[in-house]
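Reviewing the structure listed below.
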Ligand code: GLU
């Protein structure tokens, strides 16, 4: 068979050579040990936590080693594409502050190793496919859907492995005449790679996460170029990661089963294999059993969920790092205020089995992360969230930014910052009582053991003596002084020893005021609240509450 003639017949438009390609994509000029990584999502419109999980690994590996992290769009599966799929990918990664050094952007390609969208790389793949055909290493296959179905059924009946291999690889050794006859007829075809592998052979491989493993060679003649002239994932990934000089391919472990194909292709093309890191599936506990996170059952798999429910981007990243590296939490305890960029991320600390996603843990992380932010950041982030998801709240917040920031500043800073909320969507509930528009007091939260008449009396009296100029200490001293008037005590020890002897404690007294002023029992430091609300509003609320206890 004249393979060169066949190659020219199949790809008359391709005149370039692999050597020319190699020259177009030269070695990168990077410091020793620099890693080149990429995230290569398909624009299906659905961005999930797994995408971000992998992207974090890529980002850390590259930027920790002064390397390159780039975005490649894998859109060769035309059936799965959705409109704006690429835009979604770019915008979502931007929201998570993942900074790509290169790749597809909303304004077009950025970098010298493009195009970064696979559908724009047709001639590049075809150059290599043509080369393989010219060497007898790949061939056209004219099998119809029906023939493939028939092969599958025979294999099923014979209890054999499925696929296109051995005697089932029916176009592998066809004569020149048969091939040209089909071509003359204009029959559609795909190009398959001629596998020299055997399932009797194992190959050794070391994964960056899973360690050493032995895997069975590939004996299938897989499709490398589809009838539409675009490559399959297997081939595209090999060509792109080679030409773009990816050093580390981080991807989901669902690709492990086809890894033998990829290694085989790298070897056949004479390319240096990249290192692979196959990340474990994200799992969750469901009724005590571990299972994969599912698109259908678990809203938290979709990245949109995090935006909509106001989960801080910083908390998602923090939580993913906890899932990714077993020593991250320990490091965080020792370095509470450091940037996660200072943490020495390593694939060696990643679990080879499933990472367990736990929403309660994420909620804790959210509270911790938010508690360490300054009021300005909390304000900006809450406002940004509200502008998109709760515009009324956004206008309330931005009516008097200084007031909003002062509210959000209560209990912030210091060793034990308050942890009232972890999501931007929770801020409204937390600070509602600061705004008359949202104030909706619940007096049933008054201390239950105080009688109504006493509560009313306290409120009326206090409205008569309150003035906002006092310091926090003076203010509290004032409360203590009031205690005897109501047979209450500021001596907590005495109160605990003999509660029956008193109507209540100074704690109860301040609770009465808190529920009157804040409309609920759970609220930040009452003195600070009163200062912010201002004297007239505090008096107004005390009087209003007193009426409820007349
Ligand atoms: N396009 C593939 C996917 O979305 C990427 C796999 C890879 O990173 O190589 O799963």
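In this note's numbering, the protein residues as written are 1 to 550. Note that beta-carbon positions come from the ideal geometry of N, C-alpha and C, so glycine has one too.
Residue i vs residue j beta-carbon contact at 7 Å
{"i": "residue 195", "j": "residue 218", "result": "yes"}
{"i": "residue 215", "j": "residue 230", "result": "no"}
{"i": "residue 546", "j": "residue 459", "result": "yes"}
{"i": "residue 293", "j": "residue 303", "result": "no"}
{"i": "residue 423", "j": "residue 261", "result": "no"}
{"i": "residue 101", "j": "residue 68", "result": "yes"}
{"i": "residue 170", "j": "residue 225", "result": "no"}
{"i": "residue 517", "j": "residue 455", "result": "no"}
{"i": "residue 212", "j": "residue 352", "result": "no"}
{"i": "residue 514", "j": "residue 526", "result": "yes"}
{"i": "residue 412", "j": "residue 375", "result": "yes"}
{"i": "residue 476", "j": "residue 428", "result": "no"}
{"i": "residue 31", "j": "residue 64", "result": "no"}
{"i": "residue 479", "j": "residue 528", "result": "no"}
{"i": "residue 445", "j": "residue 520", "result": "yes"}
{"i": "residue 165", "j": "residue 220", "result": "yes"}
{"i": "residue 322", "j": "residue 329", "result": "yes"}
{"i": "residue 371", "j": "residue 349", "result": "no"}
{"i": "residue 265", "j": "residue 25", "result": "no"}
{"i": "residue 140", "j": "residue 180", "result": "no"}
Residues near residue i in its chain [Cβ-Cβ closer than 7 Å; skip 5 each side]
{"i": "residue 42", "result": "74, 75, 77 and 80"}
{"i": "residue 14", "result": "123, 126, 127 and 130"}
{"i": "residue 27", "result": "245"}
{"i": "residue 83", "result": "none"}
{"i": "residue 241", "result": "249 and 274"}
{"i": "residue 398", "result": "383"}
{"i": "residue 369", "result": "312, 314, 315 and 318"}
N- and C-terminal bounds of the beta strand (DSSP E) containing residue i
{"i": "residue 36", "result": "36-39"}
{"i": "residue 190", "result": "190-193"}
{"i": "residue 279", "result": "275-279"}
{"i": "residue 250", "result": "248-252"}
{"i": "residue 204", "result": "202-207"}
{"i": "residue 212", "result": "211-216"}
Selection from the options that minimises the alpha carbon distance to residue i
{"i": "residue 505", "options": "272, 486 and 320", "result": "486"}
{"i": "residue 270", "options": "238, 348, 415 and 401", "result": "238"}
{"i": "residue 208", "options": "188, 482, 201 and 247", "result": "247"}
{"i": "residue 36", "options": "473, 274 and 382", "result": "274"}
{"i": "residue 539", "options": "512, 464 and 478", "result": "464"}
{"i": "residue 616", "options": "351, 318, 353 and 352", "result": "Here the chain comprises residues numbered 1 to 550, so residue 616 is not present and cannot be evaluated."}
{"i": "residue 176", "options": "259, 2, 340 and 272", "result": "2"}
{"i": "residue 363", "options": "11, 299 and 421", "result": "421"}
{"i": "residue 255", "options": "279, 272 and 265", "result": "279"}
{"i": "residue 71", "options": "39, 323 and 45", "result": "39"}
{"i": "residue 253", "options": "235, 281, 236 and 333", "result": "281"}
{"i": "residue 442", "options": "549, 341 and 342", "result": "549"}
{"i": "residue 119", "options": "4, 233 and 25", "result": "233"}
{"i": "residue 558", "options": "438, 466, 276 and 502", "result": "As displayed, the chain neither begins before 1 nor continues past 550, which places residue 558 out of reach and without an answer."}
{"i": "residue 453", "options": "472, 503, 426 and 428", "result": "503"}
{"i": "residue 524", "options": "433, 537, 473 and 543", "result": "433"}
{"i": "residue 467", "options": "200, 532, 386 and 297", "result": "532"}
{"i": "residue 320", "options": "187, 285 and 57", "result": "57"}
{"i": "residue 359", "options": "143, 309, 446 and 543", "result": "309"}
{"i": "residue 174", "options": "402, 6, 415 and 495", "result": "6"}
{"i": "residue 471", "options": "296, 530 and 385", "result": "530"}
{"i": "residue 23", "options": "112, 336 and 298", "result": "112"}
Close-in-space but distant-in-sequence residues of the same chain around residue i (CB under 6 Å, 5 per side omitted)
{"i": "residue 132", "result": "138"}
{"i": "residue 98", "result": "55 and 59"}
{"i": "residue 431", "result": "407"}
{"i": "residue 51", "result": "41"}
{"i": "residue 356", "result": "283"}
Residue i at chain D interface by Cβ criterion, 7 Å
{"i": "residue 208", "result": "Structure shown: chain D not included; a single protein chain is present."}
Cβ shell of residue i (< 8 Å), same chain only, five flanking positions each side left out
{"i": "residue 86", "result": "43, 73, 75, 104 and 117"}
{"i": "residue 461", "result": "482 and 485"}
{"i": "residue 159", "result": "none"}
{"i": "residue 115", "result": "109 and 121"}
{"i": "residue 47", "result": "41, 88, 89, 92, 302, 303 and 304"}
Distance cut-off 6 Å: residue i Cβ against heavy atoms of the ligand GDP
{"i": "residue 74", "result": "The ligand GDP is absent from the structure shown, which contains only the ligand GLU."}
Start and end residues, alpha helix (DSSP H) containing residue i
{"i": "residue 394", "result": "391-399"}
{"i": "residue 131", "result": "122-134"}
{"i": "residue 286", "result": "That residue, residue 286, is in no alpha helix (DSSP H); its beta strand (DSSP E) goes 282-286."}
{"i": "residue 311", "result": "Note, residue 311: premise wrong, no alpha helix (DSSP H); not H, not E."}
{"i": "residue 183", "result": "176-185"}
{"i": "residue 483", "result": "It is not in any alpha helix (DSSP H) - residue 483 carries neither H nor E in the DSSP assignment."}
{"i": "residue 551", "result": "Shown here, the chain extends from 1 to 550; a query on residue 551 therefore has no answer."}
{"i": "residue 360", "result": "359-371"}
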